[in-house]
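A.B. asks: My questions all concern the structure below.
Numbering (our numbering), first residue to last: 7 to 391.
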């Protein structure tokens with residue numbers, strides 16, 4: 007029996023993040039008999055690789071050095087020649103150069119997806135980056151974007167033909183992220199998740215682009231304005247990253263460290279979300295946020311910044327509130343609106359979950375990606391004939 011086609015997924019690093027979470031969901035949910043997978047990390051990987059449930063997926067680390075690492079390119083070339091994948095799929099600017107190596111290695115089908123932009127180029131207008139994109143994009147067979155915003159950017163700013171771009175939303179596991187009653191969290195956190203606690207939560211990489219300091223400052227100002235709220239309000243920010251130490255320092259200096267919890271990376275995100283009342287994401291830029299999808303699937307209303315794909319997920323006054331980036335006053339007002347009108351929590355949370363179940367299922371995402379892969383393989387067979 008002939009083996010299913012092999013996809014080589016090339017990313018910069020396999021660690022905690024939305025891009026990586028989407029990749030893992032894709033690999034875990036594509037049927038075994040349809041496609042095989044390998045993951046090639048230009049830099050390296052973390053324990054996040056254990057989220058891949060399939061036992062037939064090899065993961066390679068090429069340990070890329072800073073800048074243009076020509077030895078790494080040669081290693082990638084040799085690896086692709088050895089693996090002979092049917093499809094190469096790169097993700098984001100950090101892995102885009104692998105498209106040239108894949109072309110040189112004779113890989114005929116080359117997919118590239120855009121999942122969001124970095125803090126150094128939130129508008130996607132950096133001349134150097136876009137020059138690199140324009141040089142390499144002709145080697146790409148098909149583009150995928152995770153949001154309408156990124157699709158418009160590719161077509162309007164970078165002048166990619168619309169028939170070479172397909173937009174596919176990330177999917178979320180609605181059974182894993184649900185509103186069912188959860189088990190208890192750590193025993194030593196019982197004083198944090200008290201019976202009457204109003205828990206504001208966020209999950210993500212604690213990096214500058216996520217702007218968690220604005221959320222912490224807004225929370226502290228809210229406590230200072232309303233002494234009664236100190237009895238109930240809690241803030242939890244789950245994740246790790248280069249800005250976490252700054253956030254911890256802010257918490258320690260605030261005098262409210264018993265009301266703010268930064269536990270680092272956790273494996274029990276679904277259970278933690280079931281303990282939250284309100285989800286907040288203060289990002290300066292987003293593609294399509296996996297954590298917003300997961301929060302909505304968990305029946306949480308969402309307060310998010312009006313950036314990137316957030317506006318495609320959060321519907322004003324129906325599933326949450328959209329605010330401008332870095333606007334502490336607007337963030338305080340949004341939190342207060344839910345805190346003082348608790349009936350909105352259930353109303354908006356129910357709408358959010360129903361939207362996820364209808365439009366953002368894992369099954370819909372998997373079918374869309376398989377349609378892309380199937381179509382490209384079919385086109386190649388026709389061309390060969």
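Don't be surprised by glycine CBs; every beta carbon is placed ideally from N, CA and C.
In the DSSP assignment, find the unbroken alpha helix (DSSP H) run with residue 374 in it and report its ends.
C.D. replies: Per DSSP, residue 374 belongs to the alpha helix (DSSP H) from 368 to 390.
A.B. asks: My assumption, with CB atoms under 8 Å, is that residue 95 sits in contact with residue 16. Please give the rounded CB distance.
C.D. replies: So it is a contact: roughly 7 Å between Cβ atoms.
A.B. asks: Am I right that residue 298 and residue 283 are in contact with their C-beta atoms under 8 Å? What's the rounded C-beta distance?
C.D. replies: So it is not a contact: roughly 16 Å between Cβ atoms.
A.B. asks: Roughly how far, in whole angstroms, is the beta-carbon of residue 319 from the beta-carbon of residue 220, given that I think they are within contact range, below 8 Å?
C.D. replies: Contact doesn't hold; Cβ gap of about 20 Å is too wide.
A.B. asks: Taking the alpha-carbon positions, what's the residue 257 to residue 229 distance?
C.D. replies: Residue 257 and residue 229: Cα-Cα distance of roughly 13 Å.
A.B. asks: Which residues in the same chain have their Cβ closer than 7 Å to the Cβ of residue 182, if we skip the five residues on either side of it in sequence?
C.D. replies: Excluding positions up to five away in sequence, the list reads 276.
A.B. asks: Within 10 angstroms of the Cβ of residue 234, are there 16 or more other Cβ atoms? Answer buried if so, exposed if not.
C.D. replies: Exposed, because fewer than 16 other Cβ atoms sit within 10 Å of the Cβ of residue 234.
A.B. asks: Report yes if the CB atom of residue 156 is closer than 9 Å to the CB atom of residue 97, and no otherwise.
C.D. replies: For residue 156 and residue 97, no; Cβs fall outside 9 Å.
A.B. asks: Taking only the alpha-carbon atoms, compute the straight-line gap between residue 352 and residue 372 and give it to the nearest angstrom.
C.D. replies: Taking the straight line from one Cα to the other gives about 30 Å.
A.B. asks: In terms of DSSP beta bridges, what is residue 257 paired with?
C.D. replies: DSSP, once it has assigned bridges, lists no residue as partnering residue 257.
A.B. asks: Let me check understanding here. Comparing Cα to Cα, which of 125, 312, 58 and 360 lies closest to residue 211?
C.D. replies: Residue 211 has its Cα closest to that of 125, out of 125, 312, 58 and 360.
A.B. asks: For the beta strand (DSSP E) that contains residue 200, what are its first and last residues?
C.D. replies: Neither: residue 200 is in no beta strand (DSSP E) and is coded neither H nor E.
A.B. asks: Nearest-angstrom Cα distance between residue 335 and residue 237?
C.D. replies: Roughly 22 Å separates the two Cα atoms.
A.B. asks: Given that a residue counts as buried once 16 or more other Cβ atoms are within 10 Å of its Cβ, and exposed if not, what is residue 8?
C.D. replies: With fewer than 16 other Cβ atoms within 10 Å, it is exposed.
A.B. asks: Can you give, in chain order, each stretch of the beta strand (DSSP E) that sits fully within the stretch 199 to 285 and has at least 3 residues?
C.D. replies: The qualifying runs are 204 to 209, 239 to 244 and 266 to 270.
A.B. asks: With contact counted as at least three CB pairs below 8 Å, one residue from each stretch, are the stretch 372 to 391 and the stretch 30 to 44 in contact?
C.D. replies: Because the criterion of three Cβ pairs below 8 Å is met, the stretch 372 to 391 and the stretch 30 to 44 touch.
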